[in-house]
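K.L.:
Numbering (the working numbering), first residue to last: 288 to 518.
1) Give the list of continuous alpha helix (DSSP H) stretches no shorter than 4 residues that lie fully inside the region 434 to 498.
2) Residue 322 lies in the beta strand (DSSP E); which residues open and close that run?
3) So what's residue 356 in DSSP terms, helix, strand or just coil?
4) CB of residue 426 to nearest heavy atom of the ligand FMN: below 6 Å?
5) Taking Cβ to Cβ, would you say residue 480 is nearer than 7 Å to residue 440?
6) Within 10 Å of its beta-carbon, does residue 483 have 16 or more other beta-carbons around it, so buried, or fewer, so exposed?
7) Within 10 angstroms of the Cβ of residue 368, are there 16 or more other Cβ atoms? Answer buried if so, exposed if not.
8) Determine which residues share a DSSP beta bridge with residue 392 and list them.
9) Touch check for the region 330 to 341 and the region 371 to 385: three-plus C-beta pairs under 8 Å?
10) What is the C-beta distance between residue 493 and residue 301, in whole angstroms, given that I count them as a contact (C-beta under 8 Å)?
11) In the DSSP output, which residue or residues are listed as bridge partners for residue 397?
12) Report all residues from its chain with a CB closer than 6 Å to the CB of residue 503; omit the five preceding and five following residues, and keep chain order.
13) Does DSSP put residue 362 in a helix, a strand or coil?
14) Roughly how many angstroms separate the alpha carbons of residue 324 and residue 395, rounded to a whole number?
15) Residue 454 and residue 413 look like a contact to me (Cβ under 8 Å); what is the Cβ gap, rounded to whole Å?
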């Protein structure tokens, strides 16, 4: 039996915003310098999906913002395999030098691919990443990880993800981060969501993640953080 997910395209997917709709939601967006740091989730790695543009989520968000702010500058330092410490040590100097006013952080997933992840170390290092990010004065965003991953080598992987998500959620509260929750998102139930590696979202997932970021940013425009200044 053919599922609805198999017949969707970017134009018909109810979870995707059209470019015009995304731009409309971002009307009034103040951001002119958008940066993304972290791992392959930040980079937007994923296999092509028929009917969807082969664009990572970050580029999609940047494109939507440019419809409102044509002068928008965009930097993505996301790196395949980067751990939380890699993000801190190898990316944050470049991010800070870029002087973003909108900054997305996604890190921690690669720290889970160990025999015994040390969540105290992960939390401590992630905290330093978010402290440096907050020090830029940028509006911060992040994801929780989805639950669709298939990692047979680690039967407890869903629990690892839940634990990491709890760390992310706590840091988001602490630093007034716009949190985009992918754990409970209906996208996780789609049979064609994952790439061949069974870890990364395909480009259909990238399109939906971008839409969720745009919607979250639209809410932030309506209720900006008290700690954020726009200049």
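Built from N, CA and C at the ideal position, the CB exists for glycine as well.
P.N.:
On the basis of the coordinates in this document:
1) 444 to 461
2) Where residue 322 is concerned, the enclosing beta strand (DSSP E) starts and stops at 320 to 325.
3) Reduced to three states, the DSSP call for residue 356 is coil.
4) Looking for the ligand FMN in the displayed structure turns up nothing, as the structure carries no ligands at all.
5) no
6) exposed
7) exposed
8) 324 and 429
9) no
10) Their Cβ separation, rounded to whole angstroms, is 16 Å, which puts residue 493 and residue 301 out of contact at 8 Å.
11) BP columns for residue 397 are empty, so no partner.
12) Taken in chain order, the residues that qualify are 465 and 467.
13) strand
14) 12 Å
15) 6 Å
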